[in-house]
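For what it's worth, our numbering labels the leading residue of the sequence shown as 2, then goes sequentially.
Where a beta carbon is used, it is the ideal one built from N, C-alpha and C, also for glycine.
Small disclaimer: the values here were computed from a predicted structure and weren't measured.
Here is the structure we will look at.
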Amino acid sequence: MIWDEFVRLTNRESYYAAAMVILLCLGPLVGIASAQTSNPPAIVEVCTPCHGINGTGGDVEKPNLAGQTSIYIREPLLAFRSGKRKHPDMKSIARDLSDREIDQLVIYYSTLPPS
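Here it is, written out as structure tokens:
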């Protein structure tokens, strides 16, 4: 049905149709990202003294988190929390993080624009 209509489109029309589908799919994600950056979860306050509200960090000891992948952010937090990875500040911060708080941090920092 829809496919029959799509097949009849010219090349230009099919490109526009494909672009519209992509935009419709990505639109909600952009909204989520902007909502995250304009209203960070409360747990981000724990990270801002070192990593900043924008996640820019500044050096090797305080790495940039903005726009990083979820794995890049989540795995170290889990390792610090379990004690497998050592850092005096991160150990004391991460040990008290719940799974939900880690999820919030991952979503927040990974949706920030890379710096």
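| Query | Result |
| --- | --- |
| Assign Gly-56 to buried or exposed, taking buried as 16 or more other Cβ atoms, counted over all protein chains shown, within 10 Å of its Cβ. | buried |
| Which of helix, strand or coil does DSSP assign to Thr-112? | helix |
| What's the C-alpha gap between Asn-40 and Ala-67? | 15 Å |
| What do you reckon, are the CB atoms on Ser-71 and Val-107 nearer than 8 Å? | yes |
| For the alpha helix (DSSP H) that contains Arg-75, what are its first and last residues? | 71 to 83 |
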